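In this note's numbering, the protein residues as written are 58 to 505. Glycine included, every Cβ here is placed at the ideal spot set by N, Cα and C. None of the values given here were measured: they were computed from a predicted structure. For reference, the structure is listed below as structure tokens.
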């Protein structure tokens, strides 16, 4: 069966990366829409209609961009069609320009819905108002900065495209999303009584400072070989190492507080969402920090650009940090929306450990050894040799490829448990009324 002619590798790879980013983004957008009225205690008029419109608009964009991206990749309708409606051929920003414009409008609409929901809480003096303001400001930056994907045209020089593309990919995904994530996690932990509001506010300020110094200047580590001056390369390499600090700190603080108060029944109700947030801190240090910094220095990236060490960093950081964060936020929202009888820790426990163990297996048993071997080949003979059939199809490399299968299987089992858990909640929702968002006694006492 000629599968490669119907679904070329470029298409399947684009779907793999695009769906990952869109799924994570959707989980975060939904979390913002959920916590806004839950925190403010007010649901604006026509908010449900707006949320429904946004949901179906995102569904239309995802399905439409995927279908037309597939047609564009097959090159049946020309380059102009591919740029505007099909596939631009740029990793993480591959959807056609029309879909990017629609997504930009959708993000601005999301910011509007979120702002309407948070407005009463922003007007009311409280200990956590600073956190709420940071959530909204980060969301505003997520919406506005997606406009950088509209800054290049069909015939723009590739160096300029790369510059603006990394403003989107790095600052949008690795920057403002990280600020938004830290603010949301801190706000949720404050509401659960796991972190003091003063501590959370300090962490958010530190996150913003580190983002400004690390995130913006750290973007330059993507631009080493696009004509960047040497001194700019040095600045980018130095500051990109600072990006992992805030989420790791918030994860450690959450774990300490969770250890102190785990006997309380209200903490047990949020055990698995909290553990997902703690896993975010772990993978942020290992995936984004250790593996990321191992390839981010100019001399390392010169020899390892696009090899398996890049893939090891990408998998550990994207799913380990943003994927686990998305699942944690998902579970937190479902905890307040679902029937208590339908909630099953027996499904969440194997889900959590299978995902983390499976990810660790695929990264450290397969991708990292393969990356080290390719790096050795690149340093000794050159990048051309590291990507040549002599290395890629060598017995050692093909063995390492097959060694990834066990980790993939364990990971897939974790996703199966998550799917079964979601089906269980859906069945429970049809039989019972959903519960309201519960707030920790500690948080209620502080607010009083």
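According to the DSSP secondary-structure assignment, residue 408 is paired through a beta bridge with no residue. For residue 330, the number of other beta carbons within 10 angstroms of its own is at least 16, and it is reported as buried. Annotation for residue 207: 154, 157, 158, 161 place their beta carbon closer than 8 Å to its own, counting only its chain and skipping 5 residues before and after. Here residue 133 is exposed, its C-beta having fewer than 16 other C-beta atoms within 10 Å. Closest in C-alpha terms to residue 297, from the list 112, 309, 283, 277, comes 277.
Residue range 234-249 is occupied by the alpha helix (DSSP H) that includes residue 248. Following the DSSP letters along the chain, one finds residue 253 in no alpha helix (DSSP H), marked with neither H nor E. Contact annotation: residue 67 and residue 139 have beta-carbon atoms that are not nearer than 8 Å.
In the three-state reduction of the DSSP assignment, residue 295 falls in the helix class.
Contact between the segment 165-172 and the segment 197-204 is established, with three or more Cβ pairs separated by less than 8 Å. In the three-state scheme derived from DSSP, where H, G and I count as helix and E and B as strand, residue 460 is classed as coil.
When the Cα atoms are used, residue 69 and residue 281 turn out to be separated by approximately 28 Å. Using a Cβ-Cβ distance cut-off of 8 Å, the segment 379-395 and the segment 360-370 are not in contact, since fewer than three pairs of beta carbons, one from each stretch, lie closer than that value.
Around the C-beta of residue 91, 16 or more other C-beta atoms lie within 10 Å, and the residue is accordingly described as buried. Excluding residues up to 5 positions away in sequence, 416 lie with their Cβ nearer than 7 Å to the Cβ of residue 376 in the same chain. Excluding sequence positions up to five before and after residue 428, its CB lies within less than 8 Å of the CB of 361, 364, 365, 366, 367, 368, 369, all in the same chain and listed in chain order. Secondary structure note for residue 152: it is in no alpha helix (DSSP H), with a DSSP letter that is neither H nor E.
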